[in-house]
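S.K.:
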Amino acid sequence: DAKTTQPPSMDCAEGRAANLPCNHSTISGNEYVYWYRQIHSQGPQYIIHGLKNNETNEMASLIITEDRKSSTLILPHATLRDTAVYYCIVPTLLNSGYALNFGKGTSLLVTP
Amino acid sequence: GAVVSQHPSRVICKSGTSVKIECRSLDFQATTMFWYRQFPKQSLMLMATSNEGSKATYEQGVEKDKFLINHASLTLSTLTVTSAHPEDSSFYICSAPGYTPMGGYNEQFFGPGTRLTVL
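See below:
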């Protein structure tokens, strides 16, 4: 399974864009990159995923480099409620489906 | 989107007792569910894969006789912590795979978690 590397923490001012990087240099050609976040004491929440094209939804944008070895999650206008731990994951295929191996993630603090 | 619930949300029990945690997919069927454990200030760790109609698959280091998993139906999986001890105190989270509009891949929907405290 492809491993991911993220900075342990980041700060962002409210209203500004938060750019969260992730390295996944061992990713295979058919493996997706998923982003989840976990607000304190809650279950993780899906944000976005992609294969090789950039993706955008109502929550965020995902920029994947052409060689697919890294990606960046962009929260265009961060709010205080976006304070959470963000996980970049390349899922592991099991016999019964995909399991998510959570690394340490990036703890994002959005400040007023 | 799909919703996964857990019950109870919080439980406190005495050492040596057993605790059952339920995980339900509310508006979709899940033949597979995953159970995670999270200790304070740590990341989620996959404990086991719950399979409807067959035995659960446990991750290395997780005692199957201590953490009993039963996938009773297509919408319910239960995790029973038997003879609980203080070191079992943790945040237990379940998830079930769903489907994204993009197709061709599964999205995981997570329950809100169960906080277990063993005295």
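Just so you know, the sequences run in chain order A and B. In terms of our numbering, the first sequence has 1 at position 1, counting the first letter as 1, and numbering is strictly consecutive. In our numbering, each residue's number is its place in the second sequence (first place is 1) plus 1000. Just so it is clear, CB atoms sit at the ideal spot from N, CA and C, and this is done for glycine as well.
DSSP on residue 1027 of chain B, reduced to helix/strand/coil?
M.R.: For this step, residue 1027 of chain B is matched to residue 27 along the second sequence. The answer is coil: DSSP assigns residue 1027 of chain B none of H, G, I, E or B.
S.K.: Whose Cβ in chain A lies nearer than 9 Å to the Cβ of residue 1111 of chain B?
M.R.: In the second sequence, counting from the first residue as 1, residue 1111 of chain B sits at position 111. What residue 1111 of chain B touches in chain A: 43.
S.K.: Going by other Cβ atoms of all chains shown within 10 Å of its Cβ, with 16 needed for buried, is residue 64 of chain A buried or exposed?
M.R.: Here residue 64 of chain A is taken as the residue at index 64 of the first sequence, counted from 1. With 16 or more Cβ atoms within 10 Å of its Cβ, residue 64 of chain A is classed as buried.
S.K.: Just reading off the beta strand (DSSP E) that residue 62 of chain A is part of, what are its end residues?
M.R.: As a working note, residue 62 of chain A is residue 62 in the first sequence. Run containing residue 62 of chain A: 61–64, per the beta strand (DSSP E) assignment.
S.K.: By DSSP, does residue 117 of chain A sit in helix, in strand, or in coil?
M.R.: This structure gives no information on residue 117 of chain A, because the portion of chain A shown stretches from 1 to 112.
S.K.: Given that residue 105 of chain A touches chain B, what residues does it touch there, using C-beta distances under 7 Å?
M.R.: As a working mapping, residue 105 of chain A is identified with position 105 in the first sequence. Residues of chain B passing the Cβ test: 1043.
S.K.: Report yes if the CB atom of residue 99 of chain A is closer than 7 Å to the CB atom of residue 1034 of chain B, and no otherwise.
M.R.: Your numbering for residue 99 of chain A matches position 99 in the first sequence. Your numbering for residue 1034 of chain B matches position 34 in the second sequence. Yes. Within cutoff.
S.K.: Let me know if residue 1053 of chain B comes out buried or exposed under the rule of 16 or more other beta-carbons within 10 Å of its beta-carbon.
M.R.: By one-based count along the second sequence, residue 1053 of chain B stands at place 53. With fewer than 16 other Cβ atoms within 10 Å, it is exposed.
S.K.: Of all the CB atoms in chain E, is at least one closer than 7 Å to the CB of residue 1060 of chain B?
M.R.: No chain E appears in the structure shown, which is made up of the protein chains A and B.
S.K.: Using a Cβ-Cβ cut-off of 8 Å (strictly less than) and excluding sequence neighbours within five positions of residue 1009 of chain B, which residues of its own chain qualify?
M.R.: Position 9 of the second sequence, counted from the first residue, corresponds to residue 1009 of chain B. These residues qualify, in order along the chain: 1112, 1113, 1114 and 1115.
S.K.: Taking DSSP as the reference, what is the three-state secondary structure of residue 29 of chain A?
M.R.: Mapped onto the first sequence, residue 29 of chain A falls at position 29. The answer is coil: DSSP assigns residue 29 of chain A none of H, G, I, E or B.
S.K.: So which residues of chain A does residue 1046 of chain B contact, with C-beta pairs closer than 7 Å?
M.R.: Sequence index remark: in the second sequence, residue 1046 of chain B carries index 46 (1-based). Ordered by position in chain A, the residues that pass the 7 Å Cβ test against residue 1046 of chain B are 99 and 101.
S.K.: Since I believe residue 1110 of chain B is in contact with residue 103 of chain A (beta carbons under 8 Å), could you give me their beta-carbon distance rounded to a whole number of angstroms?
M.R.: In the first sequence, the residue the question calls residue 103 of chain A occupies position 103. In the second sequence, the residue the question calls residue 1110 of chain B occupies position 110. About 16 Å; that fails the 8 Å criterion.
S.K.: So which of B:1081, B:1047 and B:1041 has the shortest CA-CA distance to residue 1066 of chain B?
M.R.: Walking along the second sequence from the start, residue 1066 of chain B turns up at place 66. Among B:1081, B:1047 and B:1041, the Cα nearest to that of residue 1066 of chain B belongs to B:1081.
S.K.: Is the beta carbon of residue 1014 of chain B closer than 7 Å to that of residue 1119 of chain B?
M.R.: The residue you call residue 1119 of chain B lines up with position 119 of the second sequence. The residue you call residue 1014 of chain B lines up with position 14 of the second sequence. Taking 7 Å as the Cβ cut-off, residue 1119 of chain B and residue 1014 of chain B qualify as a contacting pair.
S.K.: Does any CB atom of chain A fall closer than 7 Å to the CB of residue 1108 of chain B?
M.R.: Locating residue 1108 of chain B in the second sequence gives position 108, counting from the first residue. With 7 Å as the cut-off, residue 1108 of chain B counts as an interface residue toward chain A.
S.K.: Assign residue 1078 of chain B to buried or exposed, taking buried as 16 or more other Cβ atoms, counted over all protein chains shown, within 10 Å of its Cβ.
M.R.: Taking the first residue of the second sequence as 1, we reach residue 1078 of chain B at position 78. Per the 10 Å Cβ criterion, buried.
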